[in-house]
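J.:
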Amino acid sequence: MEALDYHAEERRKAEFDLEEMKIVWAGSRQNYEISDRMARLVASDPVFRKDNRTMLSRKDLFKDTLRKAAHAWKRIIELRLSEEEAHMLRSYVDQPAFTDLHWGMFIPAIKGQGTEEQHEKWLPMAYKMQIIGCYAQTELGHGSNVQGLETTATFDPQTDEFVIHSPTLTSSKWWPGGLGKVSTHAVVYARLITGAQDHGVHGFIVQLRSLDDHSPLPGITVGDIGMKFGSGAYNSMDNGLLRFDHVRIPRNQMLMRAKHLLKKFSWIIPTMSSCLSEKTTQKKPIITELKCHSYSVIFMDKQVDSSEVTREGKFVQSDVPRQLVYGTMVYVRQTIVSDASCALARAVCIATRYSAVRRQFGSQNGGPETQVIDYKTQQSRLFPLLASAYAFRFVGEWLKWLYADVTQRLQANDFSTLPEAHACTAGLKSMTTSVTADAIEECRKLCGGHGYLSNSGLPELFAVYIPTCTYEGDNVVLLLQVARFLMKTVSQLGSGKKPVGTTAYMGRAEHLMQCRCEVERAEDWLKPSVILEAFEVRAFRMSIACAKNLSKFSNPEDGFSELSPDLLEAAIAHCQLIVVSK
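Numbering of the sequence shown is given in UniProt numbering, commencing with residue 1 and proceeding in unit increments.
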């Protein structure tokens with residue numbers, strides 16, 4: 001029986017230049033060439049095979065992860081890859097590993113909150129991986145509410161030490177990647193206590209395991225929390241638990257960069273130059289996905305302080321403006337939105353190719369059956385997801401511009417656009433990750449029974465992706481933050497304060513409340529201006545309706561709680577407008 005290449009036929013029928021579309025997706029020809037080269041490098045290397053990943057036991061999967069992480073590092077050094085190339089290679093290896101947390105969280109936390117002396121002591125060992133670190137913030141009892149963390153760090157002026165302790169079961173550190181099996185050190189976030197005063201959550205460098213035999217140090221209870229959702233997926237990561245029983249560390253292991261951050265804003269993003277040895281010019285690039293950088297600054301959105309404690313036990317509050325950290329948050333969420341477009345594109349690519357190959361029903365006189373992709377029911381479910389992948393890609397590119405703009409303003413001590421930028425990025429992170437998670441599952445359904453097979457790639461993709469709906473801010477919590485911002489913006493419309501950025505449309509309040517849709521024919525919906533105004537009208541009217549209902553409550557917080565479902569819908573409508581407008 002002669003084989004048919006259905007994909008070739010579908011590509012032949014395309015009414016656009018396929019090669020040019022690849023470049024549009026990549027962002028530039030250079031990006032496309034790097035991506036293509038790194039993809040071929042990984043695909044041709046048997047060490048990076050992943051076809052058997054879902055069939056490995058947890059122990060064998062973890063060994064496989066260790067092998068791939070070491071081999072990736074080796075290849076990056078041998079080929080002297082640039083940071084961009086190394087990032088792309090790591091993304092194609094496509095397997096969560098402890099190195100993500102070491103490079104993406106542990107090192108940036110020390111660079112960002114540590115003193116120059118701490119940099120000199122810890123960073124050279126970390127760059128050479130003589131120590132391997134993780135980021136111990138989340139606890140069994142508290143995740144999003146960082147101010148509720150229970151682990152304590154009590155200063156003992158007699159010995160010039162901090163005593164790290166887990167006073168309750170719920171204070172156990174829970175979930176840090178790399179902690180379960182590998183990490184020798186951690187940046188631990190705990191409540192700083194001097195005398196009888198609680199100064200809030202701060203960071204501390206704590207050694208967990210011996211550098212001689214890797215055994216836990218006295219007072220340390222550490223281990224792996226076990227299997228996670230799905231086969232393969234995030235089970236390649238050794239997420240761990242950690243408890244302290246009055247563990248003492250020197251005072252100089254508290255992260256205490258309290259001053260002069262404004263002049264060193266660029267520390268937040270790990271760069272290739274940060275991996276250069278003082279005695280060599282050999283590059284040591286970071287082998288981590290960009291999305292892992294987001295973990296390195298989670299604390300920055302949760303009011304974790306960077307202050308210091310003197311030898312006498314005096315607490316000195318940082319003089320760094322809190323607003324400074326929002327620039328990095330914009331960067332973090334931009335990468336998450338970009339990652340959403342990539343994950344969604346992978347799922348849609350699988351479902352589209354399957355739909356072109358799969359044939360069901362419609363045979364005429366013994367001829368071939370109808371391609372599934374030709375059924376309108378398949379198209380109506382699949383094509384909007386394809387469009388969303390491109391939309392998320394483009395809004396991700398716009399967020400890069402937003403990050404550059406916010407950074408420039410911060411360096412000039414201009415914080416005026418930060419509330420709007422915070423709401424915008426929080427909402428887009430929430431909306432794009434929720435849509436992508438649901439879309440991956442829809443793509444599985446679009447592939448029928450075959451989509452349920454592990455070798456379709458969809459079950460593991462779903463299992464790996466869905467944590468994004470939780471980390472860097474729970475999606476519902478983030479949308480409620482957007483809703484608060486929208487209600488504040490609406491309340492200021494009569495004050496003469498002009499809405500800016502993504503809320504500028506609210507400045508046309510009278511028009512948006514009175515206008516009617518001018519669409520008379522189906523073809524009218526092909527006009528971008530018509531679609532944009534429809535989304536503006538919907539978003540604005542939903543916000544106005546929520547604001548009116550809130551005004552009926554004597555206690556605004558009671559009203560916000562009671563109306564939270566409506567407020568979520570208004571926030572989503574605003575976020576959808578942002579995507580459409582970009």
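Using N, Cα and C, we set each Cβ at its ideal position, and we do this for glycine too.
(1) Out of R53, Y452, P419, A14, state which residue places its alpha-carbon closest to the alpha-carbon of Y234.
(2) Ignoring anything shorter than 3 residues or poking outside the segment 170-219, list the beta strand (DSSP E) runs there in chain order.
(3) Who pairs with residue 652 in a beta bridge, going by DSSP?
(4) Using the Cβ count rule (16 or more neighbours within 10 Å means buried), how would you classify K376?
(5) According to DSSP, simplified to helix, strand and coil, what is P459?
(6) Taking buried to mean at least 16 other C-beta atoms within 10 Å of its own C-beta, is C575 buried or exposed?
(7) Let me make sure I understand the geometry here. Which of I578, V330, Q371, E397 has the alpha-carbon closest to that of residue 589?
(8) Confirm, please, whether the CB-CB distance from A504 to A571 is below 7 Å.
(9) Grab me the residues of E441's own chain with a C-beta within less than 7 Å of its C-beta, minus the 5 sequence neighbours each way, in chain order.
(10) According to the Cβ coordinates, are residue 598 and A343 closer than 7 Å?
(11) Taking DSSP as the reference, what is the three-state secondary structure of H165?
(12) What would DSSP say about I466, mapped onto helix, strand or coil?
(13) With burial defined as no fewer than 16 other Cβ atoms inside 10 Å of the residue's Cβ, what is the status of A522: buried or exposed?
(14) Is A426 helix, strand or coil by DSSP?
(15) If you measure between the beta carbons of E150 and T168, is that distance less than 7 Å?
(16) Quick check: the segment 543-552 against the segment 394-404, are there 3 or more CB pairs under 8 Å?
(17) Counting C-beta neighbours from all protein chains within 10 Å, is the total for P459 16 or more, i.e. buried, or is it exposed?
(18) Would you kindly work out how many angstroms separate the C-alpha atoms of F415 and A539, rounded to a whole number?
(19) What does the Cβ neighbour count give for S338, buried or exposed, with the cut at 16 atoms within 10 Å?
(20) Expressed to the nearest angstrom, what Euclidean distance is found between the alpha-carbon atoms of E533 and Q514?
(21) How far does the beta strand (DSSP E) with P250 in it extend, from its first residue to its last?
(22) Quick check on DSSP: helix, strand or coil for F98?
(23) Mind reading off the beta-carbon distance from W174 to I225? Whole number of angstroms is fine, and I expect it under 8 Å.
(24) Between the Cα of P157 and those of C134, A509, I193, spot the shortest distance and give me the residue it belongs to.
(25) Does the segment 61-77 come close enough to the segment 202-216 that 3 or more CB-CB pairs lie under 8 Å?
(26) Quick check: the Cα distance between A391 and P218, rounded to an integer number of angstroms?
(27) Measure the alpha-carbon distance for residue 583 versus S581 and round it to whole angstroms.
(28) Using only the alpha-carbon positions, how far apart do S341 and R444 sit?
(29) Considering only C-alpha positions, which residue in the set H450, R516, A86 is nearest to V530?
(30) Check for me: the beta strand (DSSP E) holding C134 runs from which residue to which?
(31) With a cut-off of 8 Å, do at least 3 Cβ pairs link the segment 398-415 to the segment 352-372?
(32) Where does Y452 land, buried or exposed, given buried means 16+ other C-beta within 10 angstroms?
(33) For a quick check, are the C-beta atoms of W479 and S430 less than 7 Å apart?
(34) For a test of the three-state rule: what should DSSP assign to Q492, helix, strand or coil?
(35) Taking DSSP as the reference, what is the three-state secondary structure of M237?
(36) Round the Cβ separation of I131 and F244 to the nearest angstrom and send it over; I've been treating them as touching at under 8 Å.
T.: Well, looking at it:
(1) R53
(2) The segment 170-219 contains these whole beta strand (DSSP E) runs: 185-194, 197-207.
(3) The requested residue 652 is not part of the displayed model; the chain covers only 1 to 582.
(4) exposed
(5) In the structure shown, P459 falls within a helical segment according to DSSP collapsed to helix, strand and coil.
(6) buried
(7) Any property of residue 589 remains undetermined from this structure, which presents the chain solely from 1 to 582.
(8) no
(9) F462
(10) The structure shown has nothing for residue 598, since the chain only spans 1 to 582.
(11) strand
(12) helix
(13) exposed
(14) helix
(15) yes
(16) no
(17) buried
(18) 26 Å
(19) Burial state of S338 is buried, judged by a 10 Å Cβ sphere holding 16 or more other Cβ atoms.
(20) 12 Å
(21) From DSSP, the beta strand (DSSP E) with P250 extends over 247-250.
(22) helix
(23) 7 Å
(24) I193
(25) no
(26) Answer to the nearest angstrom: the Cα atoms are 52 Å apart.
(27) This structure gives no information on residue 583, because the portion of the chain shown stretches from 1 to 582.
(28) When only Cα atoms are considered, S341 and R444 end up about 17 Å apart.
(29) R516
(30) 133-136
(31) no
(32) exposed
(33) It is worth fixing the name first, because residue 479 is Leu in this sequence and not Trp. Contact: yes.
(34) coil
(35) coil
(36) At roughly 18 Å, the Cβ-Cβ gap does not stay under 8 Å, so I131 and F244 are not in contact.
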